[in-house]
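Structure record follows, encoded as structure tokens.
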């Protein structure tokens with residue numbers, strides 16, 4: 001059984017805390033840039049003409065939002081770095097949790113304020129849709145598409161391999177397995193040897209596979225985002241965006257199910273120490289964060305960054321602002337879609353007016369609760 005040294009434990013905690021610290025500037029910068037990553041026809045979750053993106057007033061609102069969020073992010077990052085340098089790891093965890101929530105709310109609340117200002121400006125400018133124009137394509141769509149659900153089958157070999165590792169390693173498994181590391185780098189909790197512990201990495205892999213497959217299915221079933229003023233170009237851009245996000249999802253899922261699942265199992269059967277496994281997981285998480293951020297910055301929401309040099313019309317051909325409550329919650333009983341692109345942010349959301357959505361959300365909550373309960377019981 002590998003030796004669990006306190007020096008190694010301290011190194012793990014230090015690496016973990018600094019990686020968690022790095023989340024603050026990443027989250028803050030992405031939040032600050034969100035208005036610049038949205039489609040031209042949207043400004044702070046309000047529908048505007050494509051050409052309005054050059055409007056000095058709207059550009060000024062975006063700059064103010066950018067400066068405010070970046071300033072708050074910088075202050076929080078410096079404060080957290082000072083706490084880390086001081087060596088107060090427990091205080092850091094509390095401040096980090098509060099800080100990430102503050103950045104999220106600190107970005108959303110100004111968005112609501114600027115949204116009201118854009119709504120008032122839109123009314124003053126007389127921007128309104130004279131008629132609703134819907135976009136349709138006859139025949140097969142020759143646009144990029146997300147990866148199919150067949151890719152979910154790629155999880156199966158990894159899950160079976162993790163299970164096989166547990167079965168083979170169970171006879172030589174240590175009688176006590178370290179499960180938790182304290183902030184001082186010491187092991188604070190051990191679990192007795194049991195086959196349930198061997199199943200824990202397998203259940204982790206199954207859980208992650210289900211979550212990532214659901215997100216893949218969500219992209220495939222989502223309403224496609226198109227701009228009536230440039231239907232073909234916007235449909236192509238959305239296709240590129242959806243395909244890139246689906247590739248990212250599959251890659252992240254396979255890495256987490258494969259690499260992390262195997263590392264967890266090796267730690268369970270005593271081949272690796274919990275410290276070695278944790279240190280190996282950290283760079284994997286770092287790569288995932290970098291890759292996700294890069295895809296979001298390159299494509300923008302709905303592929304908006306791919307259309308920066310494509311000119312749209314100066315009219316307002318479609319306006320569904322009334323269906324977006326507080327700018328982020330979509331309610332439309334007349335829309336059969338369950339999923340659709342977010343209005344402020346990168347990704348997808350749900351149509352809360354559809355009963356099936358509430359059933360799906362309830363099932364996801366039950367799945368997450370069941371997994372958490374299993375983790376608590378197993379460890």
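Residue numbers (full-length UniProt numbering): 1 to 379. The C-beta atom is built at its ideal place from N, Cα and C for all residues, glycine as well. Just so we're clear, the structure is a prediction, and the values are computed from it rather than from any experiment.
Query, Result
"Please list the segments of the alpha helix (DSSP H) lying wholly inside the region 249-330, counting only runs of 4 or more residues, in order along the chain.", "261-268 and 274-299"
"Less than 7 Å between the C-beta atoms of residue 12 and residue 200, yes or no?", "no"
"How far does the alpha helix (DSSP H) with residue 73 in it extend, from its first residue to its last?", "56-86"
"Identify the continuous alpha helix (DSSP H) that holds residue 341 and give its terminal residues.", "Looking at the DSSP string, residue 341 is not in any alpha helix (DSSP H); the run it does join, the beta strand (DSSP E), is 339-341."
"If you draw a straight line from the alpha carbon of residue 138 to that of residue 227, how long is it in whole angstroms?", "Its pLDDT being 44, under 50, residue 138 is placed unreliably by the model, and nothing is read from it."
"Kindly confirm or deny that the region 229-239 and the region 187-195 touch, where touching means at least three C-beta pairs closer than 8 Å.", "no"
"Are residue 66 and residue 102 closer than 7 Å when you measure CB to CB?", "no"
"From the DSSP output, which residues share a beta bridge with residue 351?", "330"
"Determine the DSSP secondary structure at residue 176, reduced to helix, strand or coil.", "strand"
"Whole angstroms is fine: what's the gap from residue 336's alpha carbon to residue 284's?", "39 Å"
"Taking the alpha-carbon positions, what's the residue 345 to residue 172 distance?", "49 Å"
"Taking buried to mean at least 16 other C-beta atoms within 10 Å of its own C-beta, is residue 299 buried or exposed?", "buried"
"Three-state secondary structure (DSSP) at residue 372?", "helix"
"DSSP on residue 46, reduced to helix/strand/coil?", "strand"
"Can you tell me whether residue 247 is helix, strand or coil according to DSSP?", "helix"
"Terminal residues of the continuous alpha helix (DSSP H) containing residue 214?", "195-221"
"What would DSSP say about residue 52, mapped onto helix, strand or coil?", "helix"
"Across which residues does DSSP place residue 191 in a beta bridge pair?", "177"
"How many Å lie between residue 63 and residue 70 at the Cα?", "10 Å"
"Tell me the residue span of the alpha helix (DSSP H) that contains residue 164.", "155-169"
"What do you reckon, are the CB atoms on residue 178 and residue 243 nearer than 7 Å?", "no"
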